[in-house]
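Participant: Numbering (the numbering used here), first residue to last: 1 to 255. No residue lacks a Cβ here, since even glycine has one placed at the ideal position from N, Cα and C.
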Amino acid sequence: MSDSVRIIDIVNDSHDTKTFEFQWDERASPGQFVMVWVPGMEEIPMSLSKTTRIKSITVKKIGKDTQKLHELSLGDPIRIRGPYGKGFDLKKSKRMLIIGGGVGTASVIPAVKETGADTIIGARTDKDIIMDEIAARYVKNLWISTDDGSIGFHGNVVQLMKEKVQENNRYDMVLACGPEVMQYHLYKACVDLNIDCQLSLERHMKCGMGVCGCCVMDGMRVCRDGPVFTKEQISKMNEFGFSTRDECGRLVNLR
Ligand SMILES: Cc1cc2nc3c(=O)[nH]c(=O)nc-3n(C[C@H](O)[C@H](O)[C@H](O)COP(=O)(O)OP(=O)(O)OC[C@H]3O[C@@H](n4cnc5c(N)ncnc54)[C@H](O)[C@@H]3O)c2cc1C
Ligand code: FES
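#1: Starting from Tyr84 and walking both ways along the alpha helix (DSSP H), at which residues does that stretch end?
#2: With DSSP collapsed to three states, give me the class of Ala135.
#3: Pick out whichever of Asp132, Ile130, Arg124 and Lys61 has its Cα sitting closest to the Cα of Thr146.
#4: What number of angstroms, rounded off, separates the C-alpha of Leu90 from the C-alpha of Lys61?
#5: Is the Cβ-Cβ distance between Asp225 and Asn238 less than 8 Å?
#6: Please look up how many angstroms separate the CB atoms of Met161 and Val174, rounded, as I've assumed it's under 8 Å.
#7: On the CB-based measure, 16 or more other CB atoms within 10 Å of its CB, does Glu179 come out buried or exposed?
#8: Taking only three categories from DSSP, how would you classify Cys177?
#9: Could you tell me whether any non-hydrogen atom of ligand 2 is closer than 7 Å to the CB of Gly226?
#10: Just reading off the beta strand (DSSP E) that Ile144 is part of, what are its end residues?
#11: Report the residue from Asn253, Ile80, Gly63 and Ile8 whose alpha carbon sits nearest the alpha carbon of Val38.
#12: Please go through the segment 93 to 135 and give each complete alpha helix (DSSP H) segment of 4 or more residues, from N-terminal end onward.
#13: Does DSSP put Thr66 in a helix, a strand or coil?
#14: Could you give the first and the last residue of the continuous beta strand (DSSP E) run that contains Glu21?
#15: Starting from Val157, trace the alpha helix (DSSP H) in both directions and tell me its first and last residue.
#16: Report the residue from Lys50, Gln159 and Arg170 whose alpha carbon sits nearest the alpha carbon of Gly186.
#17: Leaving out five residues before and five after Asp192 in sequence, what residues of the same chain have Cβ atoms less than 8 Å from its Cβ?
#18: Please classify Lys231: does DSSP put it in a helix, a strand, or coil?
#19: Let me know if Asp9 comes out buried or exposed under the rule of 16 or more other beta-carbons within 10 Å of its beta-carbon.
#20: Beta-carbon separation of Val5 and Ile78 under 8 Å?
#21: Does the distance from the C-beta atom of Ile144 to that of Gly155 stay below 8 Å?
#22: Let me confirm a value: Thr58 is counted as buried when at least 16 other C-beta atoms fall within 10 Å, else exposed. Which label applies?
#23: Where do the ends of the beta strand (DSSP E) carrying Arg224 lie?
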């Protein structure tokens, strides 16, 4: 069953990303997601970028369904199902480093707010960086990276993470969400540096609640067993970083 909620605020985060706020009383925790639908689109998964009573989704326009969401105005209704999945375990460490890549930043922002942990936000260019001003209100140490060096560290979040770990030597857990290739290299870096991690992964989703099998990855359902997976779970995955499934369930190489 989905709930109908009305949009009470819209924030333009960047040239292609918008945040839609709505009041929804369901309890949710950082890292969980919802299934979102409006007439004229397929239902799609979106992380909650706010998990309080006022909630939000942050949508990057990449295709027809996200385009449909970008056309919404204040007061428009949207249908929301969830919240679903396992979020981040924020109690596991007091020495966390939180990392958001691209629109994946939206998924880690509730964890940033709740913990105030040191944070890295990365993107291709300064125009693609989102939610850095929000993060800056909650954390003492916020670092930005861009692939083209237009703002902050010139390079990717994994390179910056390695630098910060070597400088500080105080982290024992990385929490992250971002493109799979980024998370793959982040996972490898965590293995090399002997740091624990929790990574939020993405797969094509239809039901969002463990029924259809559409999001299966190495025998696990990303919607129900994830989307946040532990380092130990990831260490047993063969598909992570190498292959995904399309909307018909066909295996597709990521490289
Ligand atoms: C758990 C989870 C959380 C997500 N959170 C966010 C978020 O906070 N913000 C955000 O902008 N995007 C998020 N996404 C991705 C978002 O669901 C896709 O960008 C969106 O579905 C694209 O739809 P489209 O029709 O606009 O693009 P299309 O052109 O249809 O698809 C573009 C690409 O988006 C992905 N995609 C399409 N449909 C789905 C689907 N049903 N399930 C999963 N991936 C799909 C595929 O990789 C596809 O190649 C999340 C995905 C998952 C699985
Ligand atoms: S989306 Fe249906 S089982 Fe995960």
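Facilitator: Straight from the coordinates:
#1: Residue mapping note: residue 84 aligns to position 84 of the sequence shown, counting from 1. No alpha helix (DSSP H) contains Tyr84, which is instead part of the beta strand (DSSP E) from Pro77 to Tyr84.
#2: Reading the sequence shown from its first residue, position 135 is the one you call residue 135. Residue state, collapsed to three classes: helix.
#3: Residue numbering aside, residue 146 sits at position 146 when the sequence shown is read from its first letter. Nearest to Thr146 by C-alpha distance, out of Asp132, Ile130, Arg124 and Lys61, is Arg124.
#4: Counting from 1 along the sequence shown, the entry for residue 90 is found at position 90. Counting from 1 along the sequence shown, the entry for residue 61 is found at position 61. Rounded to the nearest whole angstrom, the C-alpha separation of Leu90 and Lys61 is 30 Å.
#5: Sequence index remark: in the sequence shown, residue 225 carries index 225 (1-based). Sequence index remark: in the sequence shown, residue 238 carries index 238 (1-based). Between Asp225 and Asn238, the C-beta spacing is not below 8 Å.
#6: Counted from its first residue, the sequence shown places residue 161 at position 161. Counted from its first residue, the sequence shown places residue 174 at position 174. Taking 8 Å as the upper bound for CB-CB distance, Met161 and Val174 are in contact here, some 7 Å apart.
#7: Taking the first residue of the sequence shown as 1, we reach residue 179 at position 179. Contrary to the premise, residue 179 reads as Pro rather than Glu in this sequence. Under the 10 Å beta carbon count, Pro179 is surrounded by fewer than 16 other beta carbons and is classified as exposed.
#8: Here residue 177 is taken as the residue at index 177 of the sequence shown, counted from 1. The answer is strand: DSSP assigns Cys177 an E or B state.
#9: Within the sequence shown, the letter at position 226 stands for residue 226. No, ligand 2 has no heavy atom inside 7 Å of this Cβ.
#10: For the purposes of this step, residue 144 is identified with residue 144 of the sequence shown, where counting begins at 1. Where Ile144 is concerned, the enclosing beta strand (DSSP E) stretches over Leu142 to Thr146.
#11: Mapped onto the sequence shown, residue 38 falls at position 38. Here the closest residue by C-alpha is Ile80.
#12: Qualifying alpha helix (DSSP H) stretches, in chain order: 105 to 115.
#13: Against the sequence shown, residue 66 aligns to sequence position 66. In the structure shown, Thr66 sits in a helix (DSSP, three-state: H, G or I).
#14: Looking up residue 21 in the sequence shown gives position 21. Here the beta strand (DSSP E) through Glu21 covers Thr17 to Gln23.
#15: In the sequence shown, counting from the first residue as 1, residue 157 sits at position 157. Annotation: the continuous alpha helix (DSSP H) that includes Val157 extends over Val157 to Asn168.
#16: As a position in the sequence shown, residue 186 is number 186, starting the count at 1. Here the sequence assigns Leu to residue 186, which means Gly is not the residue at that position. When only C-alpha atoms are compared, the closest one is Gln159.
#17: One-based indexing of the sequence shown puts residue 192 at position 192. So the list is empty, once near-sequence residues are dropped.
#18: To locate residue 231, count along the sequence shown from 1; it is residue 231. Reduced to three states, the DSSP call for Lys231 is helix.
#19: Here residue 9 corresponds to residue number 9 of the sequence shown, with the count starting at 1. Exposed.
#20: Taking the sequence shown and counting its residues from 1, one reaches residue 5 at position 5. Taking the sequence shown and counting its residues from 1, one reaches residue 78 at position 78. Val5 is a Cβ neighbour of Ile78, given a cutoff of 8 Å.
#21: For the purposes of this step, residue 144 is taken as residue 144 along the sequence shown, with counting starting at 1. For the purposes of this step, residue 155 is taken as residue 155 along the sequence shown, with counting starting at 1. No, they are not a contact pair.
#22: Residue mapping note: residue 58 aligns to position 58 of the sequence shown, counting from 1. Note on Thr58: 16 or more other CB atoms within 10 angstroms of its CB, so buried under the neighbour-count rule.
#23: For the purposes of this step, residue 224 is taken as residue 224 along the sequence shown, with counting starting at 1. Arg224: not part of any beta strand (DSSP E); member of the alpha helix (DSSP H) spanning Val222 to Asp225, first to last residue.
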